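Enquirer: Chains A and B, in that order, are what the protein sequence lines are. For reference, each letter of the first sequence is one residue, going -3 to 541 in the working numbering. For reference, each letter of the second sequence is one residue, going 18 to 409 in the working numbering. Every residue gets a Cβ at the ideal spot worked out from N, C-alpha and C, and that includes glycine. Computed from a prediction, not measured in an experiment: that's the story for all the values here.
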Amino acid sequence: MTDNVANGPMLAADGTSLKSSLNRALRRQKLRALMLIAPLLIFVLLTFVAPIVDMLFRSVENQIVSDTLPRTVASLKDWDEEGDTLPPPETYKALYEDIFVAKERKLHTRLGSRLNYELTGMSSLFRKTGRRVEDMGEVYQDQFEDLNPFWKDAENWNPVMGAPAWVTAQNAWTKASGRPQPAFVPNPAIADILPQTAAKFALFADFVQNEDNDNLSKTDPWAVVYSALYDDLSTGADISGYTGPGAQELQEAAAVVASFETVDFSAAMTKVDKDWSSLDVWQTLKVYSPDFTSGYFLNSIDMQKSVDGPEMRPENQQFYIRLFVRTLIMSLVITGSCILLGYPVGFILANLPSKTANLLMILVLLPFWTSLLVRTSAWKVMLQQQGVVNDTLVWLGLVADDSRLALINNSTGTVIAMTHILLPFMILPLYSVMKTIPVSYVRAAKSLGATNWTAFWRVYFPQSVPGIGAGSILVFILSIGYYITPEIVGGTSGSFISNQIAYHISSSLNWGLAAALGAILLVVVMGLYWAYDRIVGIDNVKLGG
Amino acid sequence: MSALTPISRTPVSFYVPVVALAGGVAGLFVGTAWNATLIGIVAGAILMAAIAFVMTQVIKLERPSRWGLTALLAVAGFMAAGIPAAVIGGAFGWLFGWFSFWLYEGRYRERIAPYLTPGQVLWHFSFRVICGAVLVFLITPILVVMPLSFNAENFFTFTPEMLRFDPAGYSLKHYRDFFNNPDWQQAVANSVKIAPAATLLSVGFGTLAAIGLSQPHVPFRRAIMAILISPMIVPLIISAAGMYFFYSRIGLQGTYIGVVLAHAALGIPFVIITVTATLVGFDNSLTRAAANMGAGPVTTFFRVQMPLILPGVISGGLFAFITSFDEVVVVLFVGSAGQKTLPWQMFTGLREQISPTILAVATILVGVSICLLTVVELLRRRSERLRGMSPA
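1. DSSP state of S30 of chain B, grouped into three classes?
2. Between T176 of chain B and Y187 of chain B, what straight-line distance do the alpha-carbon atoms span, to the nearest angstrom?
3. Chain A partners of T174 of chain B, CB-CB under 7 Å?
4. Could you check if D80 of chain A is buried or exposed, using at least 16 other CB atoms within 10 Å of its CB as the buried criterion?
5. To which residues of the same chain is Y32 of chain B closer than 8 Å at the C-beta, ignoring the five residues directly before and after it?
6. Assign W147 of chain A to buried or exposed, taking buried as 16 or more other Cβ atoms, counted over all protein chains shown, within 10 Å of its Cβ.
7. Can a CB atom of chain A be found closer than 8 Å to the CB of G106 of chain B?
8. Just the chain A side, please: which residues come within less than 8 Å of I159 of chain B by C-beta, in chain order?
9. Report back the beta-carbon spacing between V156 of chain A and P241 of chain A to the nearest angstrom; my notes put them in contact at under 8 Å.
10. Measuring only between beta-carbons, confirm whether Y479 of chain A sits less than 8 Å from chain B.
11. Out of B:P101, B:I387, B:T174, which has the shortest C-alpha to C-alpha gap to P373 of chain B?
12. CB L376 of chain B to CB V377 of chain A, shorter than 8 Å?
13. Less than 8 Å between CB atoms is the rule here; does V438 of chain A satisfy it with respect to chain B?
14. According to DSSP, simplified to helix, strand and coil, what is L7 of chain A?
15. Return no unless some Cβ of chain B is closer than 8 Å to the Cβ of V455 of chain A.
16. Check the Cβ-Cβ distances between P360 of chain B and every residue of chain A, and say whether any is below 8 Å.
17. What is the DSSP secondary structure of F343 of chain A, reduced to helix, strand or coil?
18. Does the beta carbon of L517 of chain A sit closer than 8 Å to a beta carbon anywhere in chain B?
19. Where does K89 of chain A land, buried or exposed, given buried means 16+ other C-beta within 10 angstroms?
20. With the cut-off set at 8 Å, would you say P252 of chain B and V521 of chain A are in Cβ contact?
21. Does the Cβ of D260 of chain A have 16 or more other Cβ atoms within 10 Å, making it buried, or fewer, making it exposed?
22. Determine, for I297 of chain A, whether the minimum Cβ-Cβ distance to residues of chain B falls below 8 Å.
23. Taking 8 Å as the threshold, find out whether the region 245 to 255 of chain A comes into contact with the region 200 to 220 of chain A through three or more Cβ pairs.
24. Tell me which same chain residues have a C-beta within less than 8 Å of the C-beta of G486 of chain A, skipping the five on either side of it?
25. Can you pull out the residues from the region 246 to 265 of chain B whose beta carbon lies closer than 9 Å to at least one beta carbon of chain A?
26. Below 9 Å on C-beta distance, what does P236 of chain B contact in chain C?
27. Anyone know if the C-beta pair for S62 of chain A and A512 of chain A falls short of 8 Å?
28. Contact between the region 331 to 346 of chain A and the region 350 to 368 of chain B is defined here as three or more beta-carbon pairs at a separation below 8 Å; is this criterion met?
29. What is the residue span of the beta strand (DSSP E) that P306 of chain A lies within?
30. Based on Cα-Cα distance, which residue from B:P236, B:P28, B:R398 lies nearest to R28 of chain A?
31. Which residue or residues does DSSP assign as beta-bridge partners of K282 of chain A?
32. Listed from N- to C-terminal order along the chain, which residues in the region 377 to 390 of chain B have their beta-carbon within a distance smaller than 9 Å of any beta-carbon of chain A?
33. So, for F167 of chain B: in the same chain, excluding its five sequence neighbours on each side, which residues have a beta-carbon less than 6 Å away from its beta-carbon?
34. With DSSP collapsed to three states, give me the class of E77 of chain A.
35. For A354 of chain B, return the contacting residues in chain A, with the cut-off set at a CB-CB distance below 7 Å.
36. Are M430 of chain A and A353 of chain A close, meaning C-beta to C-beta below 8 Å?
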């Protein structure tokens, strides 16, 4: 519309220019449409998209190592994993402290099974170390306690380590009161003089009060606290200025601490399990210490992280690539057999008079509407060794009774059952495309002298290709992620990548690997989905004719 | 398309060999069953050729000879191997009687174009046989389950008693087990509690969104559509895994609400697809007319738009319902034992303790899906009629 220059811009009824008024109307229309969509969009984003994004994060998440072994990870930072020396003694000491705390929190076995995915033996290593770690630090504890029984009891430790006001409150607290314990407040004077001891004691206090829910005034400190005290005193903490509770005992200890028997943590650890002197174990720890890791993804394509970067796993441990390839090949076979079986049926449905076609359509739609589990169980029943198919074949004499066909618990079973289950998804798009192909084209081709085959291949078939494309992508997408049917009729040789994902979620509990496998599968499916949207258009998905 | 081509009787030299060929194929099966393949083929061919000749050239009366052949073969089958063979024999007899006269009278050409060569006619019928075989493949598993569910034994296959049509071979015990077993009843109750709630959620949100998506100007329409349809496309195991991790974090894992939310998300694409399909033919001037006559947006929606798109909404709802009712992967992960649904119970039944009760449940579910299919088909036709897209 051109504006009339002589009379100024065209005006709407309310006096504003028509253009802006139309724009406003359009904006309002868009807004209204969005308002209608918004509730559902938010719902889907929250209940569906967020979980999937969360799963994708899980496939790279690796905080468990640095959360459980914070000191070890920090101390490993300076260690050169590519050299051939073991980490320095400080690292072993850090490891001792970390495992001690983790043991109290019962987290060390979890970390062990996490690292076991990367290096077999880690799980038992951590479990074993966890059992023995208590004894290791008791060397210092015993010496302090032998020196002065003062160090034995919580009642004596608390006034030393905690602020006086807190000690009073804590001593007044009883479990029966039902109130939470007064939170531990460190004694500022001690925190300055004995920093390591204060840190360990704070850790201990936090654990007792908040995780174990024990009365702190009645719980004796961990052995770690004693070794920290030894460290503080032996490195020359200046306690001469300290006058608070326990000052006398501290001075007494400081005087003799130099003559204490010491613990060589690296030797102690190695004594628990000689794996702690193995370079492999430390390299694995170092490689998996960052908060995020590509390890799960590497695992899911049969690779592993090593100090020299990613490398292939040994031939006999390779599994996932083969599984992916098998899933792809079987999905292709299923798609192929769906095309083969679906094309003639789509053709005949599209070309029969509509009354007959509607009747036959029921035969396609009934399986489509029937519960997936009903169809799967039907196939399980039919394909068994003693099932209907084998019985019929034996009765017909096509198969000897003692050599019944193995149709189930292998890939044959999966292909047969899934072709049946997905066939309607092929027939319906084919039918709706073929329905639109005019009969006159083929007739014209024939009247121009084409043979039947030429008329079909050069005229009819090219027009039906969109239907094949739509059906194939749909069937392929659905089959590549199938879980139920392969699980029930597939056995081990007919299982898909989905079955492995389910196994890692519910049985092996290797969630990171499950998430990584899922992420790879998701990328493949999303690629196909994009192609489908491009070729067919998401709006054109047809359900039930 | 009736009586396209004038028909005439065919010569003996045509139909007798064709019937003989068919007889030979039938004889092949009977022969192998008796361990005498070659004799079976020859005997079948000669017998059927002779019968066809006698029926058409000696008796010449169609009806009596067809019924006679049916009865004859039924009796012969009964003598040979009891009731099942009698049924098969009777069916064979009927088929061959019909086949002989169909060929003899030339009826097979009645409905196809007159210019087709014999080769093309042969292909025409072979093609139909192929399609028939595929349709049989589609429907057989569903049909096989039904009689097996009445098995008196705990077998998954037809017992000799069943094949003899001995009433002792049949019983309702698996149905009784289904109705009396608390596990199954609990599963049914859970399914019935979860599916409607999920359906309600997806239909409510989905219909609104579908109406929004059908407006002429929607920004990012393609992207929004892709997100909303994605629950149908993303492999269920991935959705299940994601929801399991995420819902455990926010405390919805193992709760009724968690399962309902998950199922609602899965049902949404179906509602969107069916309702937008209905809205494609919707005439927007109707809402404008209503507004013109003073109806508010709410009145317009409920009195004008809703009745017209109702068939689509209902069939979308049925799709969402069946999605939830039939769903097992997500509930397996998101639910806990307290939310064990019917498919879950079937799944464990199939994986662990195989019991034929599953077949009874399957038969009942097939009945349910037949009802749903009928409703959806009726609605679809009604909707097309309402929108004038196809003649009544």
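Expert: Taking the definition as stated:
1. Three-state result, S30 of chain B: helix.
2. Computed Cα separation, rounded: 10 Å.
3. The contacting residues are Q382, G383, V384, D387.
4. Result: exposed.
5. Hits under 8 Å: A69, T73, S117, L120, Y121.
6. Buried is the label assigned to W147 of chain A, since at least 16 other Cβ atoms lie within 10 Å of its Cβ.
7. For G106 of chain B, the nearest beta carbon of chain A is not closer than 8 Å to its own beta carbon.
8. Here the neighbours are L362, P363, T366, V370, R371, A374.
9. About 5 Å separates the beta carbons of V156 of chain A and P241 of chain A, which is inside the 8 Å limit, making them a contact pair.
10. True, the Cβ-Cβ gap to chain B drops below 8 Å.
11. With distances taken between Cα atoms, P373 of chain B lies closest to B:T174.
12. A Cβ-Cβ contact shorter than 8 Å links L376 of chain B with V377 of chain A.
13. Residue-level contact by beta carbon fails for V438 of chain A and chain B, as no gap is shorter than 8 Å.
14. Residue state for L7 of chain A is assigned as strand, using DSSP reduced to three classes.
15. Taking a beta-carbon distance threshold of 8 Å, V455 of chain A does not count as an interface residue toward chain B.
16. Yes, P360 of chain B counts as interfacial toward chain A.
17. Three-state result, F343 of chain A: helix.
18. Yes, L517 of chain A counts as interfacial toward chain B.
19. Counting C-beta atoms within 10 angstroms of its own C-beta, K89 of chain A has 16 or more neighbours from the protein chains shown and is therefore classed as buried.
20. Closer than 8 Å, so yes.
21. By the 10 Å Cβ count, D260 of chain A comes out exposed.
22. I297 of chain A does not count as touching chain B.
23. No, they do not touch.
24. Result list for G486 of chain A: N405, N406, S407, G409, T410, F492, N495, in chain order.
25. So the list reads I246, S247, P248, M249, I250, V251, P252, L253, I254, I255, S256, A257, A258, G259, M260, Y261, F262, F263, Y264, given in the order they occur along the chain.
26. Protein chains A and B are contained in the structure displayed, whereas chain C is not.
27. The Cβ-Cβ distance between S62 of chain A and A512 of chain A does not fall below 8 Å.
28. Flag = no, the region 331 to 346 of chain A and the region 350 to 368 of chain B do not touch.
29. Its beta strand (DSSP E) spans residues 305 to 308.
30. Answer by Cα proximity: B:P236.
31. Under DSSP, no beta-bridge partner is assigned to K282 of chain A.
32. Against chain A - using a Cβ distance shorter than 9 Å - the residues of the region 377 to 390 of chain B are V378, A379, T380, L382, V383, V385, S386, I387, L389, L390.
33. Cβ neighbours of F167 of chain B beyond the five flanking positions: Y187.
34. DSSP places E77 of chain A in coil when its eight states are reduced to three.
35. For A354 of chain B, there are no C-beta contacts with chain A under 7 Å, since the nearest C-beta of that chain is about 14 Å from it.
36. For M430 of chain A and A353 of chain A, no; Cβs fall outside 8 Å.
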